[in-house]
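Each residue of the sequence shown is one higher than the one before, counting from 18 in my numbering. Data first, discussion second: the structure below is written as structure tokens.
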Amino acid sequence: MTVLNPVLREIDDVNQALQRLGFGEEKIGVSGLDKLKRLGQLLQVTQYIPNFVTLIPFMEVSQNQEYLLQRVKGTSICDPVPPNLFLILYVFRTFKWWLHQ
């Protein structure tokens, strides 16, 4: 288990919540960053998925959301692909509050 596992769990939880709210096609790791930012401004999203907006800065690491999520998943399960140090440091900086939960 790595520090990235809580991020992945949160992404999965948010994607499931988006599906329950009727945004089945919109997902973190699939939808574009601009679309996610607009989605994060909707009242029902901010009201029912408060952690959604905390994930947006993390996803700004790359415009290619699918690639970013694959790299995070690969790094978190000790994939043979060497971990991206920049990505790990960015997670520490952006989501350091997760370490205190």
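By construction, the Cβ of each residue, glycine as well, lies at the ideal position given by its N, Cα and C atoms.
When DSSP states are grouped into helix, strand and coil, residue 73 belongs to the helix group. Membership of residue 27 in the alpha helix (DSSP H) is indicated by the continuous run 21-37.
Listed in chain order, the non-local C-beta contacts of residue 50 below 7 Å within the same chain comprise 76, 77, 80 and 82, local neighbours out to five positions each way being set aside.
When the alpha-carbon of residue 38 is set against those of 22, 47, 21 and 57, the nearest one is in 57. With contacts defined as CB atoms closer than 8 Å, residue 59 and residue 31 fail to qualify as a contacting pair. Counting only the Cα atoms, residue 45 lies some 15 Å from residue 22. Contiguous alpha helix (DSSP H) elements confined to the region 37-72 occur at 50-56 and 60-65, taking only those with 4 or more residues.
Distance check between residue 36 and each of 84, 55 and 65 places 65 closest, using alpha-carbon atoms only.
For residue 82, the three-state secondary structure derived from DSSP is helix.
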